[in-house]
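Counting from 111, one number per residue, gives the positions in the sequence shown under my numbering.
Don't be surprised by glycine CBs; every beta carbon is placed ideally from N, CA and C.
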Amino acid sequence: MEKQSKALFVAQAGVIAAIYVVMTYFVNALNLANGAIQVRLSEALCILPVFTPAAIPGLFIGCLLSNTITGCVIWDIIFGSLATLIGAVGTYLLRRTKFIYTLPPVIANAVVVPLVLKYAYGLSDAWLFLVCTVAIGEIISVCFVGSLLRNALKRSMSIVLNEQIAKRTADHF
111 MEKQSKALFV AQAGVIAAIY VVMTYFVNAL NLANGAIQVR LSEALCILPV FTPAAIPGLF
171 IGCLLSNTIT GCVIWDIIFG SLATLIGAVG TYLLRRTKFI YTLPPVIANA VVVPLVLKYA
231 YGLSDAWLFL VCTVAIGEII SVCFVGSLLR NALKRSMSIV LNEQIAKRTA DHF
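Below, the structure is given as structure tokens:
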């Protein structure tokens, strides 16, 4: 990887991490970032590995920092962040599929986060209830909001590429 590519990768990862933190902090103010019922809208960013592999470390670091600053216990900081990492890697691996790429974050978080909520926080809610509430929050964030984000990014990238092609063609003549 050349120097400029490395710098771009690090910059993209950093921006994604920062956006994830800001979004989580905002949603945490609404009491929706953590707990049995959570709709962490920052998880919509888990579709970004479709566009760049830099999103993988960006999402992991963003989740790690978010879990730290929103007062999560160490087990949530570690395992919640790993769930987002697993989801991001799964999204990247399935990036060429239609809609299926949204499922790895949902599945990873629906498996890991309920265990963290039950054992690290001592929530006495039934495990299946926790699986359902976390999965519903992830479906809202990743499948719906993330798909809207992907479509908007894809559309804007198409416009930019068309403008660049038109400019090159005009410059050629």
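Classify residue i: buried if its beta carbon has 16 or more other beta carbons within 10 angstroms, exposed otherwise.
i, result
"residue 239", "exposed"
"residue 183", "exposed"
"residue 148", "buried"
"residue 203", "exposed"
"residue 153", "buried"
"residue 207", "exposed"
"residue 269", "exposed"
"residue 141", "exposed"
"residue 115", "exposed"
"residue 232", "exposed"
What is the DSSP secondary structure of residue i, counted as helix, strand or coil?
i, result
"residue 144", "coil"
"residue 266", "helix"
"residue 231", "coil"
"residue 150", "coil"
"residue 207", "coil"
"residue 212", "helix"
Identify the continuous alpha helix (DSSP H) that holds residue i and give its terminal residues.
i, result
"residue 203", "184-203"
"residue 248", "237-248"
"residue 178", "165-179"
"residue 118", "113-139"
Any contact of the segment 213-231 with the segment 193-203, i.e. 3+ C-beta pairs under 8 Å?
yes
Assess, as a yes-or-no matter, whether the segment 256-264 is touched by the segment 165-178 under the definition of 3 or more beta carbon pairs within less than 8 Å.
Contact fails between the segment 165-178 and the segment 256-264, because fewer than three Cβ pairs, one in each stretch, are under 8 Å apart.
Counting Cβ pairs, one atom from each stretch, are 3 or more of them under 8 Å apart for the segment 139-159 and the segment 232-247?
yes
Using a Cβ distance threshold of 8 Å, determine whether the segment 120-139 contacts the segment 229-238, with at least three qualifying pairs required.
no
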